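Down below is the structure, laid out as structure tokens.
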Amino acid sequence: MATELKMPQMGYDMEEGTVVRWLKEEGSAVNRNEAVAEIETDKAIVEFESDSEGVLLKIIAPEGTVVPVGQTIAVIGDEGEETDNISILDLRPPEEGKSDPTKNATPPTEPQESTPALSVTKEASEVSTGRILSTPIARRMAEERNIDLSYISGSGPGGRITKNDVENYKPDNSNVEKPAEPSISVAPTSTTIVVSNTDSHSETSEKQPISKMRQQIARVTVKSKTEKPHFYVSADINMTNAMSIRKQINEQLKDDGVRLTVNDLIVKACIQALTKYPKFNAYYEEDGIQYNDKINIAVAIAEEEGLIVPAILDCGEKSLRQVSQMIKDLADRSSNGTLSPQEYSGGTFAISNLGMFDVSSFVAIIHPPQSAVLAVGTVSEKPIVTDGEITVGQVMTATISADHRIVDGAEGAQFLIEVKRLLQSPTSLLV
Numbered sequence: 001m002a003t004e005l006k007m008p009q010m011g012y013d014m015e016e017g018t019v020v021r022w023l024k025e026e027g028s029a030v031n032r033n034e035a036v037a038e039i040e041t042d043k044a045i046v047e048f049e050s051d052s053e054g055v056l057l058k059i060i061a062p063e064g065t066v067v068p069v070g071q072t073i074a075v076i077g078d079e080g081e082e083t084d085n086i087s088i089l090d091l092r093p094p095e096e097g098k099s100d101p102t103k104n105a106t107p108p109t110e111p112q113e114s115t116p117a118l119s120v121t122k123e124a125s126e127v128s129t130g131r132i133l134s135t136p137i138a139r140r141m142a143e144e145r146n147i148d149l150s151y152i153s154g155s156g157p158g159g160r161i162t163k164n165d166v167e168n169y170k171p172d173n174s175n176v177e178k179p180a181e182p183s184i185s186v187a188p189t190s191t192t193i194v195v196s197n198t199d200s201h202s203e204t205s206e207k208q209p210i211s212k213m214r215q216q217i218a219r220v221t222v223k224s225k226t227e228k229p230h231f232y233v234s235a236d237i238n239m240t241n242a243m244s245i246r247k248q249i250n251e252q253l254k255d256d257g258v259r260l261t262v263n264d265l266i267v268k269a270c271i272q273a274l275t276k277y278p279k280f281n282a283y284y285e286e287d288g289i290q291y292n293d294k295i296n297i298a299v300a301i302a303e304e305e306g307l308i309v310p311a312i313l314d315c316g317e318k319s320l321r322q323v324s325q326m327i328k329d330l331a332d333r334s335s336n337g338t339l340s341p342q343e344y345s346g347g348t349f350a351i352s353n354l355g356m357f358d359v360s361s362f363v364a365i366i367h368p369p370q371s372a373v374l375a376v377g378t379v380s381e382k383p384i385v386t387d388g389e390i391t392v393g394q395v396m397t398a399t400i401s402a403d404h405r406i407v408d409g410a411e412g413a414q415f416l417i418e419v420k421r422l423l424q425s426p427t428s429l430l431v
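In this text, residue positions in the sequence shown follow full-length UniProt numbering: the first is 1, and each later residue adds one.
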């Protein structure tokens, strides 16, 4: 019997996705859990895996099509099976789903000079009219820098253009138009001098369109703060022992390519604390609290356009070394757009670390449908009083944001103190 592959919901509040590329052709054999297409969400491009096996009988949504969540994009079944009963609903090309910032603009009454930009030759513009494979961040950066993506060679999978490709692109200076010189005009009946320059700003500055990622972030954070009654608990953690043991491990295992980070230690401590306090790894539902069988730690990663929170999956029984490797692998695949749907949306608890920005402390917004997030700042030298003696130690401030519908302040304090205990006695993280 034929099975319909539907556009998955690969993120909280995701409403539609774009079919970027089909990895299988019609008539190809497909195994269960095999990647068949690349789907672009508001934040990333992820591989879409088939939940059944058979033959790819029909592709409903061609590459570049915007498809609502839950709508059929392809059909898998036995070879020769009929697919005429599959209905095609609300499919549209990407261009129809994007707003045109100039659509309602008032046309100028006089000719105006354009903003300096890269000149594009006729030959270059006619090279290809097909879709250029690129990540959402790369396209946004190219738009902001007024760069034609057809000039850039992609280094990502399948020749996809990445953020680094755009950042490293150096245009031929001969193709760059120089800004026009300022012109001065004198009104014939007035002594007022009007100075015009294409680089100057009018009294009403230009409005920057909101990217799909920022729209998604806006929806999710507003919904979270509206529906989830946040409360916050903070504590200072003496990281002196943790920093010392981290240094020892990195020196001993440097030949193996192992390099533990502070964040690796924090993630491991949270994993062990969640095992002891599973409410922080649960979801709130109207008819009860839904506990998760697995611990999936989501790690906030800052991208050019905004924040994504992919997760290391089923890490409850992983060693510190394995956790470190999983986090590095997650970051690498996040940057080149090869996250799986489950990694993208399957987090059960989140950690946001701004220590690299020299931030002492902050509070984070819970990422739905999760119920808690730990925010940590930088590790810095501070005076510590022990038994009446003042010493200098390395201290980090951590703040837990939690959903008050599931846990209370006292439970939040217990969880945070457990994380503190584990980090201050880091040998327990090595077991």
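Backbone N, C-alpha and C define an ideal beta-carbon position, used for all residues, glycine too.
Predicted model, so just to flag it, every value in this text is computed and none were measured.
Residues of the same chain with a CB within less than 7 Å of the CB of L339, apart from the 5 flanking positions on each side, are A44, V46, P310, R333 in chain order.
By the criterion of at least three beta-carbon pairs nearer than 8 Å, the stretch 344 to 359 is in contact with the stretch 374 to 385. Cα atoms of I271 and M1: separation of roughly 42 Å, rounded to the nearest angstrom. Around the beta-carbon of I266, 16 or more other beta-carbon atoms lie within 10 Å, marking it buried. Unbroken beta strand (DSSP E) stretches of 3 residues or longer found wholly inside the stretch 195 to 249: 230 to 238, given in chain order. Separation of T391 and G409 (C-alpha to C-alpha, rounded to the nearest whole angstrom) is 31 Å. Counting only unbroken stretches of 4 or more residues, the alpha helix (DSSP H) elements lying wholly within the stretch 317 to 385 are 320 to 335, 341 to 345, in sequence order.
Looking at the DSSP output, D403 bridges to H230. Under the three-state reduction of DSSP output, R21 falls in the strand class. Apart from the 5 residues on each side of it in sequence, S401 sits with its Cβ closer than 6 Å to the Cβ of H230, Y232, V363, A364, I366, V373 in its chain, given in chain order. Assigned with DSSP and collapsed to three states, G80 falls in coil, not helix or strand.
F357 sits exposed, since fewer than 16 C-beta atoms from the chains shown fall within 10 Å of its C-beta. Pairing G70 with G54 gives a Cβ-Cβ distance that is not under 7 Å.
In the structure shown, L56 falls within a strand segment according to DSSP collapsed to helix, strand and coil. The shortest C-alpha to C-alpha distance from A269 to any of D255, I295, I289 is the one to I295.
S360 and I237 have their C-alpha atoms some 12 Å from each other. Under DSSP, E16 shares a beta bridge with P68. Put simply, the backbone Cα of S244 is about 47 Å away from that of I147.
Taking each of M326, Y284, S155 in turn and checking the Cα distance to T261, the smallest one comes out for M326.
The three-state secondary structure of G409, taken from DSSP, is helix. For K294, no beta strand (DSSP E) segment is defined, and its DSSP state is neither H nor E. Beta-carbon to beta-carbon, R21 and L133 are separated by about 7 Å, close enough to satisfy the 8 Å threshold. Residue pairing by DSSP places G393 opposite K382 in a beta bridge.
Here DSSP, grouped into helix, strand and coil, assigns V431 to coil. For I271, there is no enclosing beta strand (DSSP E); the residue is part of the alpha helix (DSSP H) that begins and ends at 262 to 276. As the crow flies, the alpha-carbon of Q9 is around 11 Å from that of E40. Exclusion of the five residues before and after A142 leaves L149, V166 as the residues of its chain whose Cβ lies within less than 7 Å of its Cβ.
Following the DSSP letters along the chain, one finds K6 in no alpha helix (DSSP H) but inside the beta strand (DSSP E) bounded by residues 3 to 6. In the structure shown, S150 adopts helical secondary structure according to DSSP, grouped into three states.
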